[in-house]
Every structure is written in C-alpha cells, then in structure tokens.
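Data first, discussion second: the structure below is written as structure tokens.
Number of protein chains: 2
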Amino acid sequence: MKNQNDGIRYDALKLGNQVCFPLYACSKELVRQYGPYLKELNLTYTQYIVMMVMWEKETVSSRELAECLHLDYGTLTPVLKRLDQAGYIRRERSAEDERLLTLTVTKEGKKLREKAVSIPPCIAECMGLSAEEFRTLYVLTYKALRNMESKDN
Amino acid sequence: MKNQNDGIRYDALKLGNQVCFPLYACSKELVRQYGPYLKELNLTYTQYIVMMVMWEKETVSSRELAECLHLDYGTLTPVLKRLDQAGYIRRERSAEDERLLTLTVTKEGKKLREKAVSIPPCIAECMGLSAEEFRTLYVLTYKALRNMESKDN
DNA sequence: CAAGATTTACTTGTGCACAATTATGTTAGC
DNA sequence: GCTAACATAATTGTGCACAAGTAAATCTTG
C-alpha cells in the first residue's frame with residue numbers, strides 16, 4: 012500500500028515524466044550540433060546569436076542586446092570583448108551618455124554572414140521536424156518563455 | 012533590388028525566425044525558475060536531475076547515469092563529487108570491475124525527495140501551458156533530441 | 001544645485017558543459 | 001600469457017550563465 016501510494020506521489024519527479032528535462036537536453040544537443048558549423052566561423056553559439064543581432068541591426072546598444080538575447084552583463088561582457096578582439100564588432104562608449112556601450116558590426120563581421128547563411132538549413136535538417144512541428148515548437152517555447160518572464164516581475 | 016534579395020536571403024538568420032533561440036532561451040529561463048526552489052534543497056538543477064534518477068533507481072552506474080542524462084564525465088564527475096560530499100549519494104568502485112563507479116542514494120538523499128515533490132507543480136504553473144501543450148512540447152523535444160542523436164553516428 | 005535614487009556596465013565567484021587528453025582496468029586475438 | 005584494442009572514468013582547458021556586489025554616470029527631487 013505504501014509503495015503504491017508512493018509511486019503515485021512521486022510520479023511527477025520521474026525524469027521520464029518531466030517536460031523540463033527534454034527541453035533542457037534538446038537545447039544542449041542543439042547547441043552541440045551547431046559546434047562543427049560555427050567552428051568554421053570561429054564562433055561559439057552565444058557569439059553566433061550576438062552576431063545574428065548585429066547583422067540585422069548593424070548598430071545596437073549593449074543594453075538592448077542583453078534584453079533581446081535574455082543575457083545579463085556577466086555573460087555578455089566577456090563575449091563582447093572576445094568578438095571585439097576577433098574584429099567582428101566594435102565597442103564604444105556613447106558620447107551623450109558615458110554609461111552606454113554602443114556596438115557596431117565591422118566589415119569583417121559582415122563577411123561572416125555570408126558563410127552563416129548555410130547553417131540554418133543544416134540545423135533544421137538535423138532536427139528532423141516538419142514545418143508544422145517547427146512552428147508549434149516555436150510558438151510553445153515563446154509562450155512558456157513569456158509566461159515565465161512575466162512571473163519574475 | 013540588392014537589398015530586397017538580401018532580405019530574403021538572410022531571413023533565416025534573423026533571431027526572430029530561429030526555432031533554436033527560443034528553445035535555448037526557454038531552457039535557460041526554466042533552469043533559472045528552479046533556482047529558488049532548489050536552493051532550499053541545496054541543489055543546482057543539474058544536481059536535481061541526478062537526484063531524480065537516484066530517487067527512482069536507488070543504485071545506478073555512473074555510465075548509465077551519464078547516458079540517461081545526456082551528460083559526459085567532464086560534467087558529471089564534479090557534480091557527483093559534490094553530491095557525495097553533501098552526503099546525498101555514495102560513490103564506490105565496483106568489486107568485479109574496478110573501472111565501474113556505482114552510485115547509491117543515501118538516507119539523507121532520500122529525505123530530499125519529500126521536499127522535492129512540491130516543485131514540479133510550481134514549475135508547471137509558472138510555465139503556464141495547458142496539459143495538451145505540455146504533452147506536445149514533450150513529444151516534439153524528445154523527437155528532435157532523438158533525431159539529432161541519431162545523426163552524430 | 002546638491003543628495004539620493006536609478007541606470008548601465010563591469011567584476012567576482014561558483015557551477016555547469018563539452019572537447020580533448022590522460023589514466024587505468026578489462027577483454028580479445030594471436 | 002601477452003599485447004593490442006576497448007571501456008570507463010578523471011583531468012584539463014575554454015567558454016558560457018547567473019547571482020551578488022561594485023562603480024560610475026545620469027536623473028530626480030526637494
């Protein structure tokens with residue numbers, strides 16, 4: 012009797028019943044799959060998503076970047092320094108407000124975009140989901156993300 | 012003209028069109044949401060998923076654990092040492108095969124399970140998805156995970 | 001305008017996460 | 001039985017990721 016009740020009581024704690032775990036494992040595996048492709052661009056996954064924003068916006072404030080990537084400065088500062096060092100972006104203080112750090116993609120940085128265009132289809136292929144499934148995954152992850160962020164005020 | 016074509020050409024590289032990014036961000040945010048709850052058990056998320064396996068199996072080999080958590084020894088070794096140090100698990104070499112590391116949950120470790128049962132509903136609530144959506148997310152992430160793992164040999 | 005609050009960014013410390021290398025025990029083939 | 005292959009685990013090195021604390025510039029408010 013005790014065992015039966017315990018089984019039910021603890022069911023939600025089984026790894027196989029968790030939604031969080033496959034999400035976490037899938038995310039890690041995904042980043043790992045990027046590895047070989049990004050290695051050719053000398054980028055890590057985090058550096059890659061920074062560059063994605065830079066390609067799109069050309070110029071962006073550090074704060075804006077942190078917000079749209081959901082990263083804090085503790086993570087971002089060293090990443091940006093490495094990208095600067097590599098010559099892909101330029102970091103400079105804003106003249107009007109000395110606190111603000113403005114980031115600009117360099118010519119070298121733009122070149123990477125040309126090489127990067129081939130990556131998304133490869134990743135999509137290796138995930139092996141249908142267009143419909145990709146869309147569903149997109150919608151659900153963003154929904155959960157939004158919900159969680161609204162929680163921590 | 013060039014700009015128009017470029018727009019289309021680079022569309023897949025926009026952050027907003029990526030499936031990988033919300034998955035990655037959602038996973039991180041999820042782990043962050045666990046923080047306050049796990050802090051009361053003196054566990055990190057990684058330590059928590061190790062304990063979930065330990066609670067379920069009582070005894071497990073290090074290799075088996077690595078496999079089902081999709082973690083390598085570089086990650087696992089220090090995590091297991093900390094859990095051992097904290098008194099939640101015991102690490103011992105197998106007598107028959109000195110290479111094998113056998114892990115056993117301690118009485119202290121089992122106590123944590125009682126406290127942990129309250130966590131899954133809190134996390135589910137803060138993700139704010141319906142039962143149907145949870146199931147879909149579960150299925151899709153496992154499917155992608157399986158597909159990706161079949162790729163790397 | 002001066003003091004305190006706020007914003008922006010950096011720093012420090014801890015703990016993953018993984019690739020690559022090393023170490024050691026076990027097994028297989030000759 | 002001995003050596004080469006293999007399996008298991010630990011180590012090393014690099015780079016996130018985030019909390020907490022610090023610093024400096026700007027803004028607010030009396």
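Residue numbers (the working numbering), protein chains in the order written: chain A, 12 to 164; chain B, 12 to 164.
Ideal Cβ placement from N, Cα and C applies to all residues, glycine included.
What residues from chain B crowd round residue i, counting only those whose CB sits closer than 9 angstroms?
i: V128 of chain A; result: R20, Y21, A23, L24
Name, please, each residue of chain A whose Cβ falls closer than 9 angstroms to the Cβ of residue i.
i: T88 of chain B; result: Under the 9 angstroms cutoff, chain A gives no residues; its nearest Cβ is about 17 angstroms from T88 of chain B.
i: L140 of chain B; result: V30, L151, K154, A155, N158
i: L34 of chain B; result: L34, C37, S38, L41, L148, Y149, T152
Taking 8 angstroms as the cut-off, decide whether the C-beta atoms of residue i and residue j are in contact.
i: L148 of chain A; j: L123 of chain B; result: no
i: A135 of chain A; j: L156 of chain B; result: no
i: R104 of chain B; j: L112 of chain B; result: yes
i: E78 of chain A; j: K126 of chain A; result: no
i: A106 of chain B; j: N53 of chain B; result: no
i: V42 of chain A; j: Y56 of chain A; result: yes
i: S38 of chain B; j: S38 of chain A; result: yes
Based on Cα-Cα distance, which residue from the options lies nearest to residue i?
i: Y153 of chain A; options: A:L111, A:I19, A:L80; result: A:L80
i: R110 of chain A; options: A:F145, A:L140, A:S73, A:R146; result: A:S73
i: G120 of chain A; options: A:S161, A:L76, A:V61, A:D108; result: A:V61
i: G139 of chain B; options: A:G139, A:C137, A:L140, A:S161; result: A:S161
i: N158 of chain B; options: A:T88, A:D83, A:K25, A:P33; result: A:P33
i: E40 of chain A; options: B:Y99, B:E144, B:C137, B:D83; result: B:D83
i: Y59 of chain A; options: B:V71, B:Q58, B:K25; result: B:K25
i: T70 of chain A; options: A:C137, A:G85, A:Y99, A:R146; result: A:Y99
Give me the chain B residues within the contact set of residue i, using Cβ-Cβ distance strictly less than 8 angstroms, ordered along the chain.
i: K39 of chain A; result: S38, H81
Going by the C-beta, is residue i closer than 7 angstroms to any heavy atom of the ligand SAM?
i: K39 of chain B; result: Summarising the ligand content, the structure contains no ligands, and the ligand SAM is consequently not present.
Residues of chain A with CB closer than 7 angstroms to the CB of residue i, please, in chain order.
i: L94 of chain B; result: Per Cβ cutoff of 7 angstroms: no residues; L94 of chain B is ~16 angstroms from chain A at best.
Given that residue i touches chain B, what residues does it touch there, using C-beta distances under 7 angstroms?
i: Y84 of chain A; result: Those do not exist, as Y84 of chain A stays about 15 angstroms from chain B at its closest Cβ, beyond 7 angstroms.
i: R124 of chain A; result: Y21, L24
Report the neighbours of residue i on chain A: residues whose CB is nearer than 8 angstroms to its CB, in chain order.
i: I134 of chain B; result: C31
Decide yes or no for the touch test of the region 58-77 of chain B against the region 113-129 of chain B: beta carbon pairs closer than 8 angstroms, at least 3 of them. Yes, they touch.
What residues in the region 145-163 of chain A bring their beta carbon closer than 8 angstroms to a beta carbon of chain B? F145, T147, L148, Y149, L151, T152, Y153, K154, A155, L156, N158, M159, E160, K162, D163
Given 8 angstroms, three or more beta-carbon pairs between the region 39-50 of chain A and the region 91-103 of chain B: no
For the region 120-136 of chain B and the region 24-39 of chain A, state whether three or more C-beta atom pairs, one from each stretch, are separated by less than 8 angstroms. Yes: the two stretches touch, three or more of their Cβ pairs being nearer than 8 angstroms.
Would you list, in chain order, the members of the region 40-68 of chain B that have their beta-carbon closer than 7 angstroms to a beta-carbon of chain A? Taking 7 angstroms as the Cβ-Cβ cut-off against chain A, the residues of the region 40-68 of chain B that qualify are E40, L41, V42, Q44, I60, M63, V64, W66, E67.
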